[in-house]
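Chains as they are written, first to last, in numbering that gives the first Met the number 0: chain C, 0 to 298; chain X, 0 to 305.
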Amino acid sequence: MSVETKTTSGSGRIPAPRPSGREPRGPERRVDVLGYAGLVVAALVMVVPMLWVLLASFKQRDEIYTIPARWLPGALHWQNYADVFATVPFAHFLLNSVITTVLGAGLKVVLGLMCAYALVFVEFPAKRIVFLLVLAALMVPPQVTLIPNYTLIAQLGWLNSYQGIVLPGLASSLGTFLFRQHFQTLPVSVLEAATLDGAGHWRRLWQFVVPLSAPTVSAVALVSVVSEWNQYLWPLLVTDRADMMTLPVGLTLLQNNDGITNWGVLMAGTVLVMLPVLLVFLFFQRRLVAGLAAGALAN
Amino acid sequence: MTTLHQVPAARHRRTPWTSWGTFLLLAGPNVALLVLFVYKPLVQNVQYSLLHWNLGSDRATPVGLQNYVNYFQDPRTPSVLLTTLVFAVVTVGGCMALGLATARLLDRRLRGRTFVRAVVFAPYVLSGVAVGMCWLFVFDPQYGLVSGLLRAVGIASPNWYNDPDWALAMVCIVYLWKYVGYVAIIYLAALQSVPADLLEAAQIDGASPLRQFWSIVFPLLSPTTFFLGVTVFIESNAGGSFDIIRAMTKGGPLEGTTTMVYQVYQEAFVDGSAGYASAIATLLFLALLVVTVVQMVVVERKVHYR
Chain C
0 MSVETKTTSG SGRIPAPRPS GREPRGPERR VDVLGYAGLV VAALVMVVPM LWVLLASFKQ
60 RDEIYTIPAR WLPGALHWQN YADVFATVPF AHFLLNSVIT TVLGAGLKVV LGLMCAYALV
120 FVEFPAKRIV FLLVLAALMV PPQVTLIPNY TLIAQLGWLN SYQGIVLPGL ASSLGTFLFR
180 QHFQTLPVSV LEAATLDGAG HWRRLWQFVV PLSAPTVSAV ALVSVVSEWN QYLWPLLVTD
240 RADMMTLPVG LTLLQNNDGI TNWGVLMAGT VLVMLPVLLV FLFFQRRLVA GLAAGALAN
Chain X
0 MTTLHQVPAA RHRRTPWTSW GTFLLLAGPN VALLVLFVYK PLVQNVQYSL LHWNLGSDRA
60 TPVGLQNYVN YFQDPRTPSV LLTTLVFAVV TVGGCMALGL ATARLLDRRL RGRTFVRAVV
120 FAPYVLSGVA VGMCWLFVFD PQYGLVSGLL RAVGIASPNW YNDPDWALAM VCIVYLWKYV
180 GYVAIIYLAA LQSVPADLLE AAQIDGASPL RQFWSIVFPL LSPTTFFLGV TVFIESNAGG
240 SFDIIRAMTK GGPLEGTTTM VYQVYQEAFV DGSAGYASAI ATLLFLALLV VTVVQMVVVE
300 RKVHYR
């Protein structure tokens, strides 16, 4: 094993490698065979199953049920994708997912910003208790609050409604916590200048604090969008009408269509569910990772 | 867990009344939601656990601790507890070990590591249900990728669908596949903030790479290890395992993959015994709380903060 040379990134917040270190000297320069072998194995383990699924989504029924399995479909069989929309109200699922994701993530970010602003910039006697209330909620696994929340939403008559799907999920304090940690690092002078200009709390929040925190806000927003999109257990409980289901819930309807699983169609469906998140991931990888790392390194 | 450093925030010399109003307006909605959907249900859950009550019916009979007694007398309980334990140990231990190994690998200056980093991390952002469905197909005993690969090297594929032990192994593998990337990314961030001069000094002193890792790097990583240990443990006992188990095995075969988390859902929403399920949820919460607190107390003493 070769000796490693460290590259140090200043903040350590974003785990993007910085190739700014010195070149390795002498014997260290030899090719790191073990390292490359590791990279190849890791890449194969992660990519191959997904590639196999993607290819299967283009296969005809009889191409899937062959032993040994063939990798490549004879022709790109787009019918599976058409069948996804034909067998279940997939367009409804998609629309519901978009609506609940936008509502859920948007409100979470706005409420989190407001609360974090209050926790940092507004004086209040019991501020510390409120902060502890926010922090401790992070430790409560959602399974424990499941039955009472379900009963409440059912009593309100909100089963199969957008507010029923979205509202309980808003009670998450990760965003608030991260915003608070970030706000504490903001230069006080800017806010004092804003105060002298006669800006109230509301304007100070949206015109000064939020723009100054743009990277954190976008990172938290991205993490929220991804987690809302993938939300499963809660939407599963509060929706039983197909036209109100979200994508992950509706996906399971493809599973037992006619007793036997039609893998080609099901795999086409999973590809469609995963695709939007993968695109978000490809475009905003750094922001997304920064958002998650912020949670880990905020202490 | 967190060091709350006091920053001299903008002090607003206002009358206390205005501050109260402003504070309530800004923080109120968020706090109200937490109380309504986290803290109140937490208490309610305990109340429900003292009832004999079917979800959807108006009749609920108070039965005291009967649900708890029933739970510990239920012949299924030992196997569910064992499954929960095995799942937690394998997934948390596996995630931490493989995640750290992957992070060390990605910390080396190798060509193509940016690509591998993205590829390893990608599953974390994917829907657990969709991932479960994909892997169900990958593990299909006859037409799946895994059985195909095993057949190619002359090994008969175990029946992942029908054998409880292999089904549990299958679910663990998928969980690891999905979550190792998260642990790796967080560890990688921590590794890259290890000061280079420390390692250089050790290198000059003639410490072997292995010695450097265990004596310098690993202790410096301990706050990260602690954070990950707690969060990965909670995640593996919450949503993360539910999505995958529900998509792949629905707790079966023969309850071979029924963890406590899955049991709460099964009892309350499939079998309808909401009181009984609440008792299990309460026990689950207590168990998580105890393990987390123990982790904090024990590890806190060993954590080296910089």
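Positions of the beta carbon are idealized from the N, C-alpha and C atoms, including for glycine.
Item, Value
"Using a 10 Å radius around the Cβ and a threshold of 16 neighbouring Cβ atoms, would you call residue 166 of chain X buried or exposed?", "buried"
"CA-CA distance, residue 149 of chain C and residue 171 of chain X?", "29 Å"
"Measuring only the C-alpha atoms, how far is residue 62 of chain C from residue 53 of chain C?", "14 Å"
"Cβ of residue 134 of chain C within 8 Å of Cβ of residue 178 of chain C?", "no"
"Going by the DSSP bridge assignment, what does residue 272 of chain X pair with across the sheet?", "X:53"
"Which class does residue 60 of chain X belong to by DSSP, given the choice of helix, strand or coil?", "strand"
"Since residue 284 of chain C meets chain X, which of its residues come closer than 7 Å, beta carbon to beta carbon?", "117"
"Could you check what DSSP says for residue 198 of chain C in three-state terms: helix, strand or coil?", "coil"
"Looking at the C-beta of residue 224 of chain X, does it have a partner C-beta in chain C at a distance below 8 Å?", "no"
"Determine the direct distance from the alpha carbon of residue 124 of chain C to that of residue 276 of chain X, and round the result to whole angstroms.", "39 Å"
"Specify whether the region 80-100 of chain C and the region 150-166 of chain C touch according to this definition: at least 3 beta carbon pairs, one from each stretch, less than 8 Å apart.", "yes"
"Between which two residues does the alpha helix (DSSP H) holding residue 232 of chain C run?", "232-237"
"Between residue 236 of chain X and chain C, is any beta-carbon pair separated by less than 8 Å?", "yes"
"Unbroken alpha helix (DSSP H) runs of length 4 or more, entirely within the region 74-129 of chain X: which are they?", "76-106 and 112-124"
"I'd like the list of long-range same chain contacts for residue 175 of chain C, defined as Cβ closer than 7 Å, with 5 residues on each side in sequence excluded.", "111, 114, 115 and 133"
"Since residue 299 of chain C and residue 118 of chain C are thought to touch, with beta carbons under 8 Å apart, how far apart are those beta carbons, to the nearest angstrom?", "This structure cannot speak to residue 299 of chain C, because chain C is shown only from 0 to 298."
"Report the rounded CA-to-CA distance for residue 63 of chain X versus residue 278 of chain X, giving the unit in angstroms.", "11 Å"
"Please state if the CB of residue 236 of chain X and the CB of residue 87 of chain X are separated by a distance shorter than 8 Å.", "yes"
"Any C-beta of chain C within less than 9 Å: which residues of the region 79-98 of chain X qualify?", "none"
"Is it buried or exposed for residue 228 of chain C, if we count other Cβ within 10 angstroms and need 16 for buried?", "buried"
"Can you list, in chain order, the residues of its chain whose CB lies under 7 Å from that of residue 158 of chain X, leaving out five sequence neighbours each side?", "140 and 165"
"Can you give me the start and stop residues for the alpha helix (DSSP H) that residue 122 of chain C sits inside?", "Unbroken run through residue 122 of chain C: none, as it is neither H nor E."
"Just the chain X side, please: which residues come within less than 7 Å of residue 64 of chain C by C-beta, in chain order?", "142"
"I need the straight-line Cα distance from residue 185 of chain C to residue 121 of chain C, nearest angstrom please.", "14 Å"
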